[in-house]
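Residue numbers (this note's numbering), protein chains in the order written: chain P, 229 to 628; chain W, 229 to 628.
Take a look at the structure:
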């Protein structure tokens, strides 16, 4: 080995080619430059229940200091699993021992992939789907196939056809206020999807971070709660959207022998989740008024969703397709006309606004004219200004 | 699919056969039954600096409440990376941007394996080595080969031979107070190992959780700090042994393009570590007297190490080999005489004492007469009682 060459590590194939992308680099500068960012799914910190969370941590260190600092089980702290079970049980009877705690939903997705995916396995995903899930599945060797969707989510006939064709390891769905599309599957569609899954015996990984951010009517029951589905589903939740994302507490609900496999995978990946956060979140869920918090946040985000929809309608080409979500955090735009939103982004950042180009949300055959915009971070006046800037960026792009 | 059969998930090959083992089951009951456990590497909670840690969390929620609850970068919070860099720099000049935060060392080991290991790759490990590292490497498809060790750690000639034979992806070493053997490589051995690594161009993953728990003399500089080694090494640390394990904060130090790959892997595996713990640990490291804490703990653990060694010497067969660590948490026993410590364990648990049978610490060809005992959890009088019980278990085993 020549001493003139710098040493370089051998990189695993799974991570080769995962370079810094132009999009990633652009979005990195966004937060530093006074750009109005619609890119991240970042909740407005003004609506965090800071006092309640602070009180929960204080309670933990006043009452269980040694326990908060000591090693603990890979499954998670009992109090947190009980609170998680209580919340899931509103729709689907669940015991604490059916709950595995994870350090946020992302770890949950990775644990599931480690536990279930063999290299080359097919996972069926929505088209478009959540890009960080795709990343976790991809690193575990999965091949993603996108299921066509309409305005109500995956099309059951297409799902059935693709299950028959690919015999997937599992189907990954975000039925409520999907990231990135904002779509919420109506109950009839959920039933039709469950019928397909039950008939074909295909496993479901159901990701439900946004279900409680429902701005009209009641939050919908997960597909896991439909008759016959609970044993066939791993259901993932997190407190990122009902308390705050920085604490990184999520959980997954499953039944039967798979629970042990998931725990072994969790143990190898991260031993256990931090105890202070687990106990604090358990305390918060046991004592704070989560419903009151949600009722405070929902109308704020609903107004922002309406505002962003209206602003975009005024600025985008007449035939652009804009989803009109009644929950969650995201709004999805299809511009059409051969516009490439990855090429639009530099103009947008120059004008002082950012979004995520849609291509990265597709497992294959991306529609490059799409983009994801989060409506939760900014107040309506900032949304107005940001969309104006987006309009100017589009005009400049159009002059090319 | 028959509705009479319960649904079962397809398990990935990497997790097939990872069943509940008899040892795992036995160790599970240990904590519940009044058994004196030497099994876990569990610090004595009486020596946690509860007030300082509590003050650090309070400071975080008083000064950065919104930030503590918000999404943050995958690399980790700047203040924590600065404090980590400051600590590593005592031996090896390090900047904050060379530090990747992990949710404890276990996540760090898994991130490294994701980033570097292709299925079938060889990793050279010490013989014996840390079993949770083997688990993380194994799930990523690695094949572990054990390097013979003597009382000073891996034998350089054997290391060189095995590097030539296997061209390993990396060599995994715990040079200071190794888990499970308690061995600390002297500086001459570190130099000899570094020479081999530099000559062969083999990458090093250096795990250093115990270096500061040094009961005689100064903590030793990591191999990463020897001339030429820093670019070739990923160095892992955690605060589990210098503050407390429950907060799950660790970091890894690397140089060059590998940093980006590690961050991408970390992002896919767990997005980011929880912010409250990151900021609290940063605050603690910036303001609390870590050295004073270590000076309080070291003599306590040193006394316990001496006590356990003396008690074991009085009780075990004369020709049993017992390591005499001057740091860390573990003491390693080789009983010989064809004794199988996995078969001894049930007798031990019946007598009211637990240890970890040594076989699980070997990548292959285990010495089944070995066991790992942690000396840090209990006071000398409890150690005395526990070792008496171990003696009774051995006597009963001998009567078989």
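Ideal placement from N, C-alpha and C gives every residue a C-beta, glycine not left out.
DSSP bridge partner residues for residue i (one or two, in chain order)
i	result
residue 555 of chain P	P:442
residue 549 of chain W	W:562
residue 585 of chain W	W:599
residue 398 of chain W	W:351
residue 328 of chain P	P:480
residue 265 of chain P	P:582
residue 378 of chain P	P:381
Candidates the options: closest to residue i by CA position
i	options	result
residue 453 of chain W	W:547, W:477, W:482, W:237	W:482
residue 264 of chain W	W:498, W:584, W:625, W:459	W:584
residue 484 of chain P	P:374, P:458, P:262	P:458
residue 400 of chain P	P:430, P:423, P:393, P:378	P:430
residue 523 of chain P	P:491, P:441, P:475	P:441
residue 443 of chain P	P:362, P:604, P:622, P:332	P:604
residue 480 of chain P	P:473, P:494, P:470, P:463	P:463
residue 353 of chain W	W:366, W:612, W:342, W:582	W:366
residue 424 of chain W	W:350, W:460, W:502	W:460
residue 564 of chain W	W:419, W:456, W:544	W:544
residue 594 of chain W	W:338, W:359, W:312, W:516	W:359
residue 289 of chain P	W:607, W:292, W:475	W:475
residue 491 of chain W	W:271, W:244, W:344, W:298	W:344
residue 391 of chain W	W:407, W:376, W:330	W:376
residue 349 of chain P	P:370, P:511, P:313	P:370
residue 571 of chain P	P:626, P:589, P:608	P:626
residue 246 of chain W	W:270, W:628, W:357, W:588	W:588
residue 528 of chain P	P:233, P:237, P:272, P:624	P:272
residue 514 of chain W	W:284, W:267, W:294	W:284
residue 433 of chain W	W:341, W:562, W:274	W:341
residue 601 of chain P	P:560, P:616, P:568	P:560
Minimum Cβ-Cβ distance from residue i to chain P less than 8 Å
i	result
residue 348 of chain W	no
residue 403 of chain W	no
residue 294 of chain W	yes
residue 432 of chain W	no
residue 611 of chain W	no
residue 285 of chain W	yes
residue 197 of chain W	Residue 197 of chain W lies beyond the stretch modelled for chain W, which goes from 229 to 628, so this question has no answer here.
residue 486 of chain W	yes
residue 304 of chain W	no
residue 289 of chain W	yes
Element boundaries [beta strand (DSSP E), containing residue i]
i	result
residue 374 of chain P	371-375
residue 433 of chain W	432-435
Any non-hydrogen atom of the ligand ATP within 7 Å of residue i CB
i	result
residue 326 of chain W	Within the structure as shown, the ligand ATP is missing, as the structure has no ligands at all.
is_contact[residue i, chain W] using C-beta, thresh 8 Å
i	result
residue 668 of chain P	Given a span of 229 to 628 for chain P in the structure shown, any question on residue 668 of chain P remains unanswerable.
residue 335 of chain P	yes
residue 331 of chain P	yes
residue 311 of chain P	no
residue 229 of chain P	Since pLDDT at residue 229 of chain P reaches only 48, below the 50 mark, its modelled position is unreliable, and the value read off the structure follows with that caveat. Output row for residue 229 of chain P: interface = yes.
residue 246 of chain P	yes
residue 418 of chain P	no
residue 276 of chain P	yes
residue 343 of chain P	yes
residue 583 of chain P	no
residue 501 of chain P	yes
Residue i - containing alpha helix (DSSP H), residue span
i	result
residue 393 of chain W	384-394
residue 569 of chain P	569-579
residue 517 of chain W	Looking at the DSSP string, residue 517 of chain W is not in any alpha helix (DSSP H), and its letter there is neither H nor E.
residue 283 of chain W	278-291
residue 421 of chain W	415-428
residue 612 of chain W	608-626
residue 366 of chain W	359-367
residue 310 of chain W	306-316
Any chain B beta carbon closer than 8 Å to residue i
i	result
residue 498 of chain W	Chain labels in this structure do not include chain B; the protein chains are P and W.
Open item on the list: Threshold first: 4 residues or longer. Then list the alpha helix (DSSP H) segments lying entirely within the segment 440-509 of chain W, N to C.
Closed with: Assignment of alpha helix (DSSP H) within the segment 440-509 of chain W, counting only whole runs of 4 or more residues, yields 486-498 in chain order.
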